[in-house]
């Protein structure tokens, strides 16, 4: 397979992989939202001793909601990239085969295909333009979600500190903070892998 | 890729095959082109692996804008997996194939070419002057399958019927029918699923006046070898995988 085609094939596989990671991240975010709701219920049961935690639970809940929404948007974006890559791949494959055909036809007849080559090259350029803007959008969105997860980890530390004031609820609230922290790290890992995959796109 | 002119009297028939550049493990295929003035039809244009060679070969005989129609006898990859490529080089052409395969064949990629479904009972296409008949050959071997008959040249494109599995470089025409039978036996016994469909097809084909029977693989049958083939096939028990 010629270099350009294999490069695009690798991109197609990479964007499909990113889409897979984002899907898994959104599943974890859903679990995170559930954990946040549970922690809020626990905070309410703990009463005045855990009043400071209510705001933090609400924050987690909001963060998980935003993460789910953003993951879904990013997942759609990654799917679009995958589709654009496939179109680009097919067009490049076609152009590669047309180039071979022109060689076989020789200089006298090869210009019969010039129209098709120009038309498809133009289409390829359009696809590249779309791909560039989709990739830049995806990059920004992945950075946003990574920022959320960074904040989530910081807030989980505060949550743990506040939990020490809640007496018999301390251990259960600490465990909840650990869960949320772990889930944030898991999402971060998926996003980091996606960002690494994205860095391999050469357009 | 070898090209031979099969007929030239007002319109032309070409056969393309025996491609020495095709990847080794790919089954050799015969592609056909009928040229009628400014309209031409490719019969079973072939798989994606032969696309470049095939395009270069046909453009030696016609201008690209005169390639107006494609025909696929059925949906197999060696018949039409190049569709996604033809679709980009011939965006204004039409593909004629059984109506039952449209949703399947579109998986090969078809954004521009118009799909013209052929009814189960068969159909007809007029190029510039000549008429070609789409003859039903269902279950021979595909469930939605057609042959193409040209009454003027008396050539029948028979798709997989009459196909033979042979080493590369075999001659284009059958020269010794008895010897050739062994190249065809397994293919027909194993690929053709139904004795009933076979008899039905033979009955229909015997009514046609045929000079050349042109299959998609292997050698073509000419003159008395056409009847020899029909007689041999009539006696053959097919559908061997379930016996």
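Chains as they are written, first to last, in our numbering: chain W, 20 to 222; chain Z, 324 to 566. Here a beta-carbon is modelled for each residue, glycine too, at the ideal position from N, C-alpha and C. Predicted model, so just to flag it, every value in this text is computed and none were measured.
- With a threshold of 16 other beta carbon atoms within 10 Å, residue 153(W) meets it and is buried.
- Among the residues of chain Z, those whose CB is under 9 Å from the CB of residue 135(W) are 387, 411, 412, 413 and 414, following chain order.
- With the criterion set as a beta carbon lying under 9 Å from some beta carbon of chain W, the members of the segment 366 to 381 of chain Z are 371, 374, 375, 376, 377, 378, 379 and 380, in sequence order.
- Just so you know, the alpha carbons of residue 63(W) and residue 47(W) end up roughly 24 Å apart.
- The segment 152 to 172 of chain W and the segment 92 to 101 of chain W touch, with no fewer than 3 CB-CB distances between them shorter than 8 Å.
- Excluding its 5 nearest sequence neighbours in each direction, residue 30(W) has C-beta neighbours in its own chain below 7 Å: 104 and 220, listed in chain order.
- When DSSP states are grouped into helix, strand and coil, residue 446(Z) belongs to the strand group.
- For the pair residue 515(Z) and residue 461(Z), the CB atoms are not nearer than the 7 Å cut-off.
- Contact of residue 61(W) with chain Z is not assigned, every C-beta pair being separated by 7 Å or more.
- At a C-beta separation below 7 Å, residue 407(Z) has these neighbours in chain W: 109.
- Inter-residue distance for residue 513(Z) and residue 108(W) is about 37 Å (C-alpha atoms, whole angstroms).
- Around the CB of residue 360(Z), fewer than 16 other CB atoms lie within 10 Å, so the residue is classed as exposed.
- In this structure, 527(Z) is the residue among 527(Z), 490(Z), 369(Z) and 499(Z) with its C-alpha nearest to the C-alpha of residue 557(Z).
- Comparing alpha carbon positions, the residue from 539(Z), 454(Z), 531(Z) and 517(Z) closest to residue 333(Z) is 454(Z).
- Counting along the chain, residue 158(W) sits inside no beta strand (DSSP E); it lies in the alpha helix (DSSP H) bounded by residues 133 to 182.
- Taking 7 Å as the threshold, the shortest C-beta distance from residue 124(W) to chain Z falls below it.
- According to the DSSP assignment, residue 336(Z) belongs to the beta strand (DSSP E) that extends over 335 to 340.
- Taking 9 Å as the upper bound on Cβ-Cβ separation, chain W lies near residues 432 of the segment 432 to 458 of chain Z.
- Neighbours of residue 141(W) in chain Z, taken as residues whose beta carbon is under 9 Å from its own, are absent, since the nearest beta carbon is some 12 Å off.
- Just so you know, the alpha carbons of residue 347(Z) and residue 473(Z) end up roughly 33 Å apart.
- A Cβ of chain Z is located within less than 7 Å of the beta carbon of residue 119(W).
- For the pair residue 525(Z) and residue 553(Z), the CB atoms are nearer than the 7 Å cut-off.
- Taking C-beta atoms under 8 Å as the contact rule, residue 142(W) and residue 110(W) qualify, at a distance of about 6 Å.
- Residue pairing by DSSP places residue 459(Z) opposite 469(Z) in a beta bridge.
- For residue 128(W), the nearest CB of chain Z lies under 7 Å from its own CB, placing it at the interface with that chain.
- Using a 10 angstroms sphere on the CB of residue 470(Z), the tally of other CB atoms reaches 16 or more, which defines it as buried.
- In this structure, 82(W) is the residue among 82(W), 65(W), 39(W) and 54(W) with its C-alpha nearest to the C-alpha of residue 166(W).
- Its chain contains 513 as the residues whose beta carbon lies nearer than 7 Å to that of residue 564(Z), once the 5 sequence neighbours on both sides are disregarded; these appear in chain order.
- Around the beta-carbon of residue 126(W), fewer than 16 other beta-carbon atoms lie within 10 Å, marking it exposed.
- Take the alpha-carbon of residue 505(Z) and the one of residue 102(W): they are about 48 Å apart.
- Here residue 185(W) is buried: its Cβ has 16 or more other Cβ atoms, across all protein chains shown, within 10 Å.
- Residue 51(W) sits away from residue 214(W), with the two beta carbons spaced by 7 Å or more.
- Per DSSP, residue 549(Z) is one residue of the alpha helix (DSSP H) stretching across 547 to 558.
- Judged by their CB atoms, residue 356(Z) and residue 342(Z) are not nearer to each other than the 7 Å cut-off.
- Residue 116(W) has a beta carbon lying within less than 7 Å of a beta carbon in chain Z.
- Its chain contains 324, 325, 351, 352, 353, 354 and 495 as the residues whose beta carbon lies nearer than 8 Å to that of residue 340(Z), once the 5 sequence neighbours on both sides are disregarded; these appear in chain order.
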